Amino acid sequence: MKLSVLASSSSGNSIYIEHNNFRCLVDAGLTGKKVVENLAQIERDIKDINAIFVTHEHIDHIKGVGVLARKYNIPVYANALTWQNMSKCGEINSDLKFHFEKEESKVFDDVVVNSFGVSHDAINPQFYTFECEGKRVSILTDTGYVSDKMIDYVKDSHTIVYESNHEENVLLSGPYPWTTKQRILSDMGHLSNTDSANYLTKIVGDNTRNVFLAHLSEQNNTKELARMAADMTLKHKDIDCILEAHKTIDCNNKIVIMDTDPVVPTKVIEI
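Position one of the sequence shown corresponds to residue -7 (my numbering), numbered consecutively onward.
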């Protein structure tokens, strides 16, 4: 499998995964035009995408879903309750609408895709794992906490795209209304850098090689703060890791902590 995080932040999210002829997006929370442009930046063509897996109905995850499905005849997968709340996508032909319920598995070109629930203030949010040839890619963002059940789905993944949304002190001292701050900090909100890093120590395993820190708030976080929290917490638990910027050819078996960006796609990595 190969993967690129096309964009990730509180304003837009989309992840590209491929294996042989199976080429998919997890969410398309950018404009359709921007998704196409970012795919082109990693030398991929939107016309080759044969599935979009939707995690939940928030606009930063579905903004481009409707236009891409209509223009390029791309099948879209979401659970029934999420479909009922995706009116912002506009009309999508019924031939392109598929149900993928929580805790269900489907197989696409030898890739086993599993869905699992998270704790977020959407109607029925779910995220996905992708398994092929003994390796697993997991996506886990948009959750206020990480349950043991979530950990069971994503634990010891080779690569995980994982939320580190905000620095709590920055959020609390910032301009957001108190109700918004409460929402973000709640069990139905998003993971702080500290909570994210602490849960991460329970998620990574001997097979873990890449951790993409994702869904960073542009107002309440920085890449440096998220990176520092993950790096320091893993090392405190004697988990061998290295920042992507420091990666060398001799980083044997270390977990590489990688940035994502609101605008620029990550390089394509091979799983």
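Where is the CB? At the ideal position from N, CA and C, for every residue including glycine.
Since the model is a prediction, treat every value here as computed from it, not as a measurement.
DSSP places Arg15 within a strand segment (E or B) once states are collapsed to three.
Straight-line spacing of the CA atoms in Asp87 and Pro67 works out to 8 Å. The alpha carbon of Thr121 has as its nearest neighbour, out of Leu22, Val162, Val46, the alpha carbon of Val46. For Gly82, the number of other beta carbons within 10 angstroms of its own is below 16, and it is reported as exposed. Ala189: member of the alpha helix (DSSP H) spanning 185 to 195, first to last residue. The straight-line gap separating the alpha-carbon atoms of Ile44 and Glu262 is approximately 20 Å.
Collapsing the DSSP output to three states places Ile261 in a strand. In the three-state reduction of the DSSP assignment, Gly58 falls in the helix class.
Distance between Ser156 and Thr214, taken at the CA atoms: about 10 Å. Here DSSP, grouped into helix, strand and coil, assigns Ala222 to helix. By the neighbour-count definition (other C-beta atoms within 10 Å, threshold 16), Gly181 is a buried residue.
For Arg175, the enclosing alpha helix (DSSP H) begins and ends at 170 to 177. DSSP lists Ser97, Thr121 as the bridge partner or partners of Asn106. The three-state reading of DSSP puts Lys227 in helix, counting H, G and I together. Taking the C-beta atoms as reference points, Val27 is found no nearer than 8 Å to Ile34. Beta-bridge annotation (DSSP): Ala72 is not paired with any residue.
For the 8 Å CB-CB criterion, Phe108 and Lys127 do not form a contact.
Of the residues Tyr137, Thr151, Met142, the one whose Cα lies closest to the Cα of Cys124 is Thr151. Under DSSP, the beta-bridge partners assigned to Cys233 are Ile247.
Remark: three or more beta-carbon pairs, one from each stretch, lie closer than 8 Å, so the stretch 205 to 221 and the stretch 248 to 263 are flagged as touching. Residues Ser111, Ser178, Asp179, Met180, Gly181 of the same chain have their beta carbon placed closer than 6 Å to that of Gly136, with the five preceding and five following residues left out of the count.
Around the beta-carbon of Glu216, fewer than 16 other beta-carbon atoms lie within 10 Å, marking it exposed. The straight-line gap separating the alpha-carbon atoms of Val138 and Asn30 is approximately 30 Å. Short of 7 Å from the beta carbon of Gly197, and not among the five residues preceding or following it, lie these beta carbons of its own chain, in chain order: Lys147, Asp148. Per DSSP, the continuous alpha helix (DSSP H) segment holding Ser165 begins and ends at 160 to 165. Rounded to the nearest angstrom, the gap between the Cα atoms of Tyr69 and Phe90 is 5 Å.
The alpha-carbon of Val153 is positioned some 30 Å away from that of Asn85. Restricting attention to His158, Leu164, Leu163, Ser(-4), the CA atom closest to the CA of Ala221 is found in His158.
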